[in-house]
Amino acid sequence: MKTDIILAGVGGQGILSIASILGDAALEEGLFLKQAETHGMSQRGGAVVSHLRISDAPIAADLIPKGGADIILSVEPMEALRYLPFLSPTGYIVTNTTPFINIPNYPDVEKLMEEVRKQPRFVAIDADQIATEIGNKRAMNMVMLGAATPFVQVDPDKIIRGIEHIFKSKGEAVVELNRNAFMSGREFALANK
Amino acid sequence: MKQNLYLGVEAIGQAAIDGGISGVYAYPGTPSTEITEFIQDSKQAAEKGIRSKWSANEKTAYEAALGMSYAGKRSIVCMKHVGLNVAADAFMNSAITGINGGLIVTVADDPSMHSSQNEQDSRFYAKFAMIPILEPSNQQEAYDMVYNGFSLSEELGVPVMVRITTRLAHSRAGVIRKAEKETNPLKLSQQPSQFVLLPAIARQRYKGLLKKQKDFEEASFTSEYNFLKKGTDKTLGIIACGITINYLNEHYKTKECPYTILKISQYPLPEKMLHEIEKECEEVLVLEEGYPLVEEAVKGIFNKHIKVSGRLSGTLPRDGELNADLVAAALGLETLEGATVPELVVNRPPALCQGCGHQDMYKALNEAADKYSKGRVFSDIGCYTLGALPPYQSIYSCVDMGASITMAKGAADAGLVPSFAVIGDSTFTHSGITGLLDAVNDNSNIVVVISDNESVSMTGGQESSALGKIESICEGVGVDPKHIRMLVPMKKYHELMVSTIEEEIAYEGVSVIIFRRECIQAAAKRLRAEKKIKQNPKL
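In order, the protein sequence lines correspond to chains G and S. To convert, note that position 53 of the first sequence is 113 in the working numbering; the numbers rise steadily by one, no gaps. To convert, note that position 159 of the second sequence is 556 in the working numbering; the numbers rise steadily by one, no gaps.
This is the structure:
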């Protein structure tokens with residue numbers, strides 16, 4: 061059993077917190093884990109990617125080979141497409157539909173979504189919208205994390221415990237918000253996969 | 398055993414603490430920064446009294462680490478690959494002086510130049526200095542090598558280099574720790590003259606270093622990190638250095654690799670092992686991250702003229718980071734390929750943050766410099782280097798730390814007037830001060846812009862050595878105080894900034910204009926921390 065995940069986004073969007081919660085939950089289950097991150101210059105608003113590999117057997121490379129990713133989890137639609145060469149023929153794209161526009165030549169969002177819909181397996185979710193409805197747009201990350209869970213062989217309850225742990229210091233209201241965000245993302249993906 | 402989820406750099410930081418260091422010395426540089434940050438944030442390190450403040454540059458860091466070793470204590474000095482250029486004088490000579498307390502120099506190379514201006518391979522430096530290298534293949538080895546590396550350094554009597562690359566530095570995996578060691582007692586060397594490199598002593602020390610090469614090679618031969626695994630198919634042998642073994646193993650998860658593998662994670666190269674693979678195999682493929690150091694070396698070591706391939710032969714790319722796909726191609730294995738990237742996907746380069754003071758500085762500088770021909774602004778290394786990209790396109794150089802001031806000086810000496818230097822606060826104290834002194838002594842006609850955001854921002858907001866000292870340094874170096882100008886880079890001061898730059902262009906001599914506003918990332922972090930303390934005064 062293995063799950064190879066490409067986490068994609070823009071520097072500052074917080075994909076590393078998604079990776080960190082998933083990673084901790086996997087380790088909790090006694091699984092092997094390797095997670096390669098982008099630090100440095102790209103964190104200043106550039107394209108960033110993290111390769112997260114979870115397996116019940118020891119993992120060799122820190123990077124996922126091309127055509128090997130089971131999921132591309134992207135918090136932004138153009139970044140979802142940037143890593144297509146890594147997606148396995150049986151893999152899923154799980155992407156947020158709200159674009160992150162910080163460059164003048166950002167392509168037409170509808171055309172980007174057409175490309176996403178051309179892929180055989182995808183979940184397109186407006187995570188910003190869902191997070192806003194729940195109470196805070198900043199919980200977008202947790203919506204996306206929830207949306208990825210139907211395709212990741214890690215116990216969702218363990219992930220929820222990770223969320224509770226991370227947000228504990230900010231009070232029960234924040235924990236509740238993020239737990240709801242996670243569950244909404246998960247339910248959406250289960251219904252729309 | 399408890400697994401700790403550590404980045405490669407964090408594993409090194411933890412291993413240094415557990416391995417008994419009394420101090421870490423470093424200047425921030427991607428991908429090495431988090432080693433020192435990990436130690437700075439560690440409660441265990443604080444309890445042990447481990448010294449961990451940032452140094453002004455890699456040379457001062459290296460020398461201080463050597464001084465700690467002189468006093469008998471264990472120390473680690475960390476830097477990115479180009480940082481070793483700055484520390485090279487101390488580094489090369491420390492191989493001749495040798496050490497007293499164990500000394501590890503950790504150098505993080507950046508193949509593919511994710512955050513760097515070149516991809517130089519630090520193994521060449523260690524070979525040049527004739528000291529051993531440890532090159533971990535994973536996070537656990539990184540921990541183990543650093544933990545045991547201090548004793549190795551003490552046994553062999555020289556500094557030991559731990560060479561990592563970006564991929565291992567910034568990838569996380571489970572790491573099992575070992576028992577914490579005590580720090581060394583304060584104790585000077587039995588042969589105190591070892592650190593006095595007068596020619597007569599240096600000649601003796603150098604002979605000693607040459608004599609030790611045998612021991613270093615024997616240590617590589619018996620090292621648990623180097624091994625030969627014989628295969629059934631004798632047509633090919635593979636030498637896999639450091640993390641490249643993972644890119645090979647990626648393809649042999651369910652079946653054994655048929656070829657003989659020689660894993661190399663400790664140098665100098667163990668020649669006996671190389672002769673074994675030479676005897677065993679018809680040809681040899683070398684997998685190594687960085688330059689073709691091993692590929693070149695084995696050709697001189699092998700007795701037979703067998704085919705050797707790798708980065709030099711073109712079997713693997715000559716530049717950039719390796720990966721499992723490139724290794725598969727070199728082995729003729731089948732690889733998968735997902736869908737192609739649609740054409741409408743465009744690049745998303747890094748950019749200055751919204752609201753960053755460098756932006757206001759560049760807007761003013763562009764306007765003031767507009768009436769002159771282009772190509773007059775020399776710059777340096779930091780966030781402000783992004784001023785080379787649209788929409789500012791203000792700067793025309795970024796070479797090495799501090800080069801903005803000295804290159805502007807040289808260009809002005811040649812007649813390019815006005816010439817500007819744009820340098821950050823931390824880069825200025827790293828390597829800009831001596832260049833400014835040259836300019837003052839020569840009364841060069843330059844305008845130096847110090848874009849002071851009061852932090853080392855590109856690497857994540859570390860404390861700047863320049864904090865609160867820039868004006869007095871400039872005055873101390875001899876810049877006329879009338880031509881040390883202070884500005885706050887904000888939209889509302891745009892006209893004032895432009896006119897101040899124009900006034901200093903008109904002055905024939907060295908001008909320094911300091912644009913000072915806190916980095917907005919640092920400001921946001923500070924506000925969050927203050928808010929937290931307000932809510933929880935007990936923290």
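Note that CB positions come from ideal geometry on N, CA and C, so glycine has one too. As the structure is a computational prediction, the values presented were derived from the model and not from experiment.
The three-state secondary structure of glutamine 601 of chain S, taken from DSSP, is helix. Collapsing the DSSP output to three states places threonine 782 of chain S in a helix.
Within chain G, no residue has its beta carbon less than 7 Å from that of cysteine 871 of chain S; the closest one is some 28 Å off. By the rule that beta-carbons nearer than 8 Å mark a contact, serine 148 of chain G touches chain S. Out of S:Pro787, S:Asn842, S:Ser550 and S:Thr619, the CA that lies nearest to the CA of serine 491 of chain S is found in S:Ser550. Per DSSP, the continuous alpha helix (DSSP H) segment holding glycine 873 of chain S begins and ends at 867-874. Collapsing the DSSP output to three states places glutamine 103 of chain G in a helix.
Put simply, of S:Ala800, S:Asn842 and S:Ser862 the residue whose alpha carbon is nearest the alpha carbon of aspartate 822 of chain S is S:Ser862. In this structure, asparagine 201 of chain G and isoleucine 114 of chain G do not form a Cβ contact; the two beta carbons are roughly 18 Å apart against a cut-off of 8 Å.
The Cβ of lysine 126 of chain G sits closer than 8 Å to at least one Cβ of chain S.
Residue contact with chain G for threonine 732 of chain S: present (Cβ-Cβ distance below 8 Å to some residue of chain G). Taken atom to atom, the span from the alpha-carbon of serine 452 of chain S to that of alanine 461 of chain S is near 9 Å.
The beta carbon of lysine 696 of chain S is closer than 6 Å to those of Val705 in its chain, skipping five residues each way along the sequence. Relative to tyrosine 789 of chain S, the option among S:Asn401, S:Ile802 and S:Glu764 whose CA is nearest is S:Glu764. S:Gly417 is the residue among S:Asp506, S:Leu682, S:Leu884 and S:Gly417 whose C-alpha sits nearest the C-alpha of methionine 465 of chain S. The beta carbon of alanine 140 of chain G sits closer than 7 Å to the beta carbons of Ala68, Ile132, Ser134, Ile153, Thr155 and Val176 from its chain, once the five residues preceding and following it are set aside; these are given in chain order. Inter-segment contact for the region 613-622 of chain S and the region 666-673 of chain S is present: three or more beta-carbon pairs are separated by less than 8 Å.
Think of a sphere of 7 Å around the beta carbon of serine 861 of chain S: no beta carbon from chain G falls inside it, the nearest being about 18 Å out. Apart from sequence neighbours up to five positions away, the residues of its chain that approach alanine 85 of chain G with a beta-carbon distance below 6 Å are Val214, Lys218, Ile219 and Gly222, ordered along the chain.
In terms of beta-carbon proximity, glycine 100 of chain G lines the interface with chain S, with at least one pair separated by less than 8 Å.
Lysine 253 of chain G sits in coil when the DSSP states are folded into three classes, being neither helix nor strand. Note on geometry: alpha-carbon atoms of alanine 107 of chain G and glutamine 751 of chain S lie some 16 Å from one another. The C-alpha of serine 791 of chain S is placed about 27 Å away from the C-alpha of histidine 478 of chain S. When DSSP states are grouped into helix, strand and coil, glycine 69 of chain G belongs to the strand group. Think of a sphere of 7 Å around the beta carbon of tyrosine 644 of chain S: the chain G residues whose beta carbon falls inside it are Ala121, in chain order.
Under the 8 Å Cβ criterion, the region 631-640 of chain S does not count as touching the region 592-603 of chain S, having fewer than three qualifying pairs.
For glycine 857 of chain S, there is no enclosing alpha helix (DSSP H), as DSSP marks it with neither H nor E.
Fewer than three Cβ pairs drawn from the region 716-735 of chain S and the region 850-869 of chain S lie within less than 8 Å of each other, which leaves the two stretches out of contact. A straight-line Cα-Cα distance of about 28 Å links tyrosine 424 of chain S and asparagine 838 of chain S.
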